[in-house]
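As structure tokens, the structure follows; a few thoughts come after it.
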Amino acid sequence: MIFFYFLVFSAYCIKKMKTNNFILIIILFISGYTAAQEIIVPQKRGARNAAMGDALVSESGDISTVYLNPASLIFLKETSLFINHGQLSDNLGMTENFAVPLLQLNSFILSVGLESYHLGYIGNKTAFPGQNIFEFGYNFSAATNAIAPTFSIGTTVGLQYGRTNHSKTWAASYSLGINYSPSADINYGLALSGLGDYIKYSQTDTVLYAERKTPGKSLVVGASMKYPSASSLRRTVFVLAMASEKIFGRSGLLYKAGFEVIPWKFLNLRFGYVFGPNVSEPRIGLGINYSALVFEYVFYGGANPVMLQQFSISIRM
1380 MIFFYFLVFS
1390 AYCIKKMKTN
1400 NFILIIILFI
1410 SGYTAAQEII
1420 VPQKRGARNA
1430 AMGDALVSES
1440 GDISTVYLNP
1450 ASLIFLKETS
1460 LFINHGQLSD
1470 NLGMTENFAV
1480 PLLQLNSFIL
1490 SVGLESYHLG
1500 YIGNKTAFPG
1510 QNIFEFGYNF
1520 SAATNAIAPT
1530 FSIGTTVGLQ
1540 YGRTNHSKTW
1550 AASYSLGINY
1560 SPSADINYGL
1570 ALSGLGDYIK
1580 YSQTDTVLYA
1590 ERKTPGKSLV
1600 VGASMKYPSA
1610 SSLRRTVFVL
1620 AMASEKIFGR
1630 SGLLYKAGFE
1640 VIPWKFLNLR
1650 FGYVFGPNVS
1660 EPRIGLGINY
1670 SALVFEYVFY
1680 GGANPVMLQQ
1690 FSISIRM
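When you read off a place in the sequence shown, starting at 1, and then add 1379, the result is the number in my numbering.
The following block contains the structure:
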């Protein structure tokens, strides 16, 4: 439809304007279209998080919870090392993540994470052939429940460095969160992110630039529930999570939901959904538990998801 309107507009211009002016308009049109291409790398990582619609802002299954709410760290059920690989849609690159608890005391926990974004093995198949992108960053997360055993606060502080063939920049960001866990089966969480800056990659003609931007702040509120109750001494077979997100400066809310079914101890089946203004994104995933290893996968559906898929491995320590 856009192309049809452009043809009609072109015919009108040919009649009304000189050839040189018309060529100039075409050049400006194409330049404007090219400049609109950009990459904003998602900060929420983890196959389980994504498969549950990023609604696990209140749950603390493993250390990947730090990507949704740092306050949940204090309620970790187990200590593990987390590795994640993600692929963006449309051959826009891939991400790598590593996270591990660094220090754990009675009422305090500190974790460290490393992350990178690059074009990897995509090579000339990328949407930006002939260009190179590399981004590296690290973050520290801390949480404490010293105020009350069922209430925690937490924060994440991160630093990223990104470069292309023609530019380089850095950005610092942080997030805040609280978690209320009145029981082992029901949890509530709130997370404020988008504080500080992020790195955006945009293309003008054939040149790709990295630049520092200030994002819109985001507030997420959510709750999760497990069944059956831990007091029954039976293993969990069902997890439900729901959350809503407000991105300041944008109209409307994003609604997030996810559920997890555990038919057998070694298998987890997950389905999540994110919807709101101009967003309708189903996700499906699974987890396989084998001894001290947990393998997880998620696939993103919908018309235009930013991510295509993620793979995660957790190693219990």
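Beta carbons: idealized from backbone N, C-alpha and C, even for Gly. Note that the structure is predicted; figures quoted are calculated from it, not measured.
**Study point:** Uninterrupted beta strand (DSSP E) stretches inside the stretch 1579-1616 (no shorter than 3 residues)
**Key:** 1586-1592 and 1597-1606
Review point. So, do the stretch 1584-1596 and the stretch 1502-1521 have three or more beta carbon pairs nearer to each other than 8 Å?
Key: Contact between the stretch 1584-1596 and the stretch 1502-1521 is present, because at least three Cβ pairs lie under 8 Å.
Review point. Does the distance from the CB of Y1676 to the CB of G1664 come in under 7 Å?
Key: As a working mapping, residue 1676 is identified with position 297 in the sequence shown. As a working mapping, residue 1664 is identified with position 285 in the sequence shown. Result yes, Cβ atoms of Y1676 and G1664 sit closer than 7 Å.
Point to revise | Nonlocal neighbours in the same chain, by C-beta distance under 8 Å from F1553, ignoring five residues either side | key: Taking the first residue of the sequence shown as 1, we reach residue 1553 at position 174. Contrary to the premise, residue 1553 reads as Tyr rather than Phe in this sequence. Result list for Y1553: T1534, T1535, V1536, G1537, L1574 and G1575, in chain order.
Point to revise | F1654 versus L1646: straight-line alpha-carbon distance, rounded | key: Residue mapping note: residue 1654 aligns to position 275 of the sequence shown, counting from 1. Residue mapping note: residue 1646 aligns to position 267 of the sequence shown, counting from 1. F1654 and L1646: Cα-Cα distance of roughly 27 Å.
Check your understanding: Among A1563, G1499, S1608 and S1623, which residue has its Cα nearest to the Cα of V1600?
Key -> For the purposes of this step, residue 1600 is taken as the residue at position 221 of the sequence shown. Considering only alpha carbons, the answer is S1623.
**Study point:** Beta-carbon separation (whole angstroms), S1531 vs A1589, contact threshold 8 Å
**Key:** Translated into the one-based positions of the sequence shown, residue 1531 becomes position 152. Translated into the one-based positions of the sequence shown, residue 1589 becomes position 210. So it is not a contact: roughly 35 Å between Cβ atoms.
**Study point:** Close-in-space but distant-in-sequence residues of the same chain around F1627 (CB under 6 Å, 5 per side omitted)
**Key:** Looking up residue 1627 in the sequence shown gives position 248. Correct list, in chain order: G1595 and K1596.
Exercise for review: Keeping to the same chain, check which residues put their C-beta closer than 7 Å to that of V1685; ignore five residues upstream and five downstream.
Suggested key: To locate residue 1685, count along the sequence shown from 1; it is residue 306. Only P1421, L1467 and S1468 meet the Cβ criterion.
Point to revise | Range of the contiguous alpha helix (DSSP H) that encloses A1429 | key: By 1-based counting over the sequence shown, the position of residue 1429 is 50. A1426 to A1430 is the span of the alpha helix (DSSP H), which, as asked, contains A1429.
**Study point:** Beta-ladder partner(s) of P1577, from DSSP
**Key:** As a first step, residue 1577 is located in the sequence shown; it is residue number 198 there, counting from the start. Rather than Pro, the amino acid found at residue 1577 in this sequence is Tyr. Partner(s): K1592.
Point to revise | Spatial neighbours of K1592 in its chain, beta-carbon cut-off 7 Å, leaving aside the 5 residues before and after | key: Here residue 1592 refers to the residue found at position 213 when the sequence shown is read from its first residue. For K1592, where only same-chain residues beyond five positions count, the Cβ hits under 7 Å are D1576, Y1577 and K1579.
Point to revise | Under 7 Å between C-beta atoms of A1434 and F1461 | key: Sequence index remark: in the sequence shown, residue 1434 carries index 55 (1-based). Sequence index remark: in the sequence shown, residue 1461 carries index 82 (1-based). Cβ atoms of A1434 and F1461: not closer than 7 Å.
Check your understanding: Near A1550, which residues of its chain fall below 6 Å by C-beta distance, leaving aside the five closest residues on each side in sequence?
Key -> Your numbering for residue 1550 matches position 171 in the sequence shown. Result list for A1550: Q1539, D1576, Y1577, I1578 and R1591, in chain order.
Exercise for review: Run the CB neighbour count on T1529, radius 10 Å, all protein chains shown included, and call it buried at 16 or more, exposed below.
Suggested key: As a position in the sequence shown, residue 1529 is number 150, starting the count at 1. The residue in question, T1529, is exposed, as its Cβ has fewer than 16 Cβ neighbours within 10 Å.
Review point. By how many angstroms is the C-alpha of M1696 removed from the C-alpha of G1631?
Key: Taking the sequence shown and counting its residues from 1, the one referred to as residue 1631 is at position 252. Taking the sequence shown and counting its residues from 1, the one referred to as residue 1696 is at position 317. About 42 Å.
Exercise for review: Determine, using beta carbons only, whether F1638 and L1619 come nearer to each other than 7 Å.
Suggested key: In the sequence shown, counting from the first residue as 1, residue 1638 sits at position 259. In the sequence shown, counting from the first residue as 1, residue 1619 sits at position 240. Yes; because the gap between Cβ atoms is below 7 Å, this pair is in contact.
**Study point:** Integer Cβ distance of G1432 from A1636, believed to fall under 8 Å
**Key:** Taking the sequence shown and counting its residues from 1, the one referred to as residue 1432 is at position 53. Taking the sequence shown and counting its residues from 1, the one referred to as residue 1636 is at position 257. Their Cβ separation, rounded to whole angstroms, is 5 Å, which keeps G1432 and A1636 in contact under 8 Å.
Practice item. Reducing DSSP to helix, strand and coil, say where T1523 ends up. Key: Your numbering for residue 1523 matches position 144 in the sequence shown. DSSP places T1523 in strand when its eight states are reduced to three.
Review point. Should N1463 go down as buried or exposed, given a rule of 16 or more other Cβ atoms within 10 Å for buried?
Key: Walking along the sequence shown from the start, residue 1463 turns up at place 84. N1463 is buried by the Cβ-count criterion.
Practice item. Over the uninterrupted beta strand (DSSP E) stretch that includes V1673, give me the two end residues. Key: Here residue 1673 corresponds to residue number 294 of the sequence shown, with the count starting at 1. Looking at the DSSP string, the run of the beta strand (DSSP E) that includes V1673 is L1672 to Y1679.
Point to revise | Sequence-distant residues of its chain with Cβ nearer than 8 Å to K1456 (five each side left out) | key: What you label residue 1456 is simply residue 77 of the sequence shown in a count that begins at 1. Same-chain partners within the cutoff: S1439, G1440 and D1441.
**Study point:** Same chain, Cβ closer than 7 Å to N1524, neighbours up to 5 away in sequence not counted
**Key:** Indexing the sequence shown from 1 puts residue 1524 at position 145. The residues are I1453, S1486, F1530 and S1531.
Check your understanding: Leaving out five residues before and five after R1427 in sequence, what residues of the same chain have Cβ atoms less than 6 Å from its Cβ?
Key -> Taking the first residue of the sequence shown as position 1, residue 1427 is located at position 48. Closer than 6 Å at Cβ, skipping near neighbours: E1675.
Exercise for review: In the DSSP assignment, find the unbroken beta strand (DSSP E) run with V1536 in it and report its ends.
Suggested key: As a working note, residue 1536 is residue 157 in the sequence shown. Where V1536 is concerned, the enclosing beta strand (DSSP E) stretches over F1530 to T1543.
Practice item. Keeping to the same chain, check which residues put their C-beta closer than 6 Å to that of E1660; ignore five residues upstream and five downstream. Key: For the purposes of this step, residue 1660 is taken as the residue at position 281 of the sequence shown. Correct list, in chain order: V1653, G1681 and P1684.
Review point. Does the Cβ-Cβ distance between L1498 and I1488 come in under 7 Å?
Key: Against the sequence shown, residue 1498 aligns to sequence position 119. Against the sequence shown, residue 1488 aligns to sequence position 109. Their beta carbons are not under 7 Å apart, which means L1498 does not touch I1488 by this criterion.
Exercise for review: Taking G1425 and S1451 to be in contact with their CB atoms under 8 Å, please state how far apart those CB atoms are, rounded to whole angstroms.
Suggested key: For the purposes of this step, residue 1425 is identified with residue 46 of the sequence shown, where counting begins at 1. For the purposes of this step, residue 1451 is identified with residue 72 of the sequence shown, where counting begins at 1. Incorrect: roughly 12 Å between the Cβ atoms, too far for contact.
Exercise for review: Could you say which of N1518, L1598 and P1480 lies nearest to S1495 if we only look at CA atoms?
Suggested key: Position 116 of the sequence shown, counted from the first residue, corresponds to residue 1495. Closest option to S1495, Cα to Cα, is N1518.
Check your understanding: If we count the other Cβ atoms within 10 Å of its Cβ and call it buried at 16 or more, is A1414 buried or exposed?
Key -> Position 35 of the sequence shown holds residue 1414. Residue confidence is low: A1414 scores 42 on pLDDT, short of 50, so the model does not pin down where it sits. No coordinate-derived value is stated.
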